[in-house]
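I have placed the structure first, in the form of structure tokens, so that the comments after it can refer back to it.
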Amino acid sequence: MQSFFIYCEDEEFPFECVEALEGAMDGFIKTDVPLAVELVFVDGEEIRRLNRETRDTDKVTDVLSYPALDGIKGQAVKGEEHPYEIDEEGNLLIGSIVICCERAREQAEEYGHSYERELHYLIVHGIMHCLGYDHMTDEDKAEMREKEEFILGKLGIVRN
């Protein structure tokens with residue numbers, strides 16, 4: 000049984016990429032219910048508006064994550080503990096991720112790697128936020144980066 004779903008209907012992240020990332024995330028979290036995340040792509044103006052309205056920061060950013068659950072970092076996730084987040088498909092929605100395509104393209108060029116690599120990194124980064132990981136301290140950042148690199152490695156996407 001598949002345990003992780005990405006809801007994305009945008010050509011920016013093709014179906015085969017969705018399937019590959021779902022496969023890489025499969026089994027990453029102990030859960031008795033399939034987990035799901037929503038993925039949305041926007042332009043710079045829209046992500047700036049969202050950032051301003053939801054984070055009180057009036058600037059363009061690369062990714063925004065909106066976790067639906069609290070206190071799940073490193074924990075087994077049980078559907079019965081989150082009945083209101085179970086969607087009509089029977090999946091537990093862990094959050095939404097918004098990616099700014101313009102900023103992702105700029106960063107790919109800045110960092111000297113492909114847009115595909117940058118996009119995958121931002122999506123995995125957003126998923127980690129939805130799973131409770133953060134990067135506020137050096138220790139938290141190292142832990143989150145390790146998880147991100149693990150998932151990206153399963154996809155064959157590694158740092159150069």
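For what it's worth, numbering that gives the first Met the number 0 labels the leading residue of the sequence shown as 0, then goes sequentially.
The beta-carbon is built from N, C-alpha and C at its ideal position, and this holds for glycine as well.
Proximity of residue i and residue j at Cβ, strictly below 8 Å
| i | j | result |
| --- | --- | --- |
| V62 | I93 | no |
| C99 | T53 | no |
| L91 | A141 | no |
| A23 | K153 | yes |
| K72 | G155 | no |
| L151 | H128 | no |
| E101 | G43 | yes |
| Q1 | E21 | yes |
| E79 | L68 | no |
Residue i versus residue j: straight-line alpha-carbon distance, rounded
| i | j | result |
| --- | --- | --- |
| D57 | R51 | 5 Å |
| G160 | H81 | Outside the displayed span of the chain (0 to 159) sits residue 160, for which this structure offers no information. |
| R48 | G125 | 18 Å |
| M143 | E87 | 30 Å |
| A19 | I28 | 17 Å |
| K77 | V32 | 7 Å |
| V17 | V123 | 11 Å |
| D25 | E45 | 31 Å |
| L162 | A103 | Since the first residue shown for the chain is 0 and the last is 159, residue 162 is missing from the structure and cannot be characterised. |
Counted within 10 angstroms of its Cβ, other Cβ atoms place residue i as buried (16 or more) or exposed
| i | result |
| --- | --- |
| S64 | buried |
| S113 | exposed |
| V157 | exposed |
| P13 | exposed |
Review point. Any chance the stretch 104 to 113 sits against the stretch 132 to 145, with 3 or more Cβ pairs inside 8 Å?
Key: No, they do not touch.
Next on the checklist: For the stretch 2 to 10 against the stretch 26 to 45, do three or more pairs of beta-carbon atoms, one drawn from each stretch, fall closer than 8 Å, so that the two count as touching?
Outcome noted: Contact between the stretch 2 to 10 and the stretch 26 to 45 is present, with at least three C-beta pairs closer than 8 Å.
* Asked: Which runs of the alpha helix (DSSP H) fall wholly inside the stretch 35 to 63 and span at least 4 residues, in chain order?
  -> If we require 4 residues or more, the alpha helix (DSSP H) runs fully inside the stretch 35 to 63 come out as 43 to 54.
Could you pull out every unbroken beta strand (DSSP E) segment of at least 3 residues lying fully inside the stretch 54 to 131, listed in chain order?
Restricting attention to beta strand (DSSP E) runs no shorter than 3 residues, the stretch 54 to 131 encloses them at 62 to 66 and 91 to 99, ordered along the chain.
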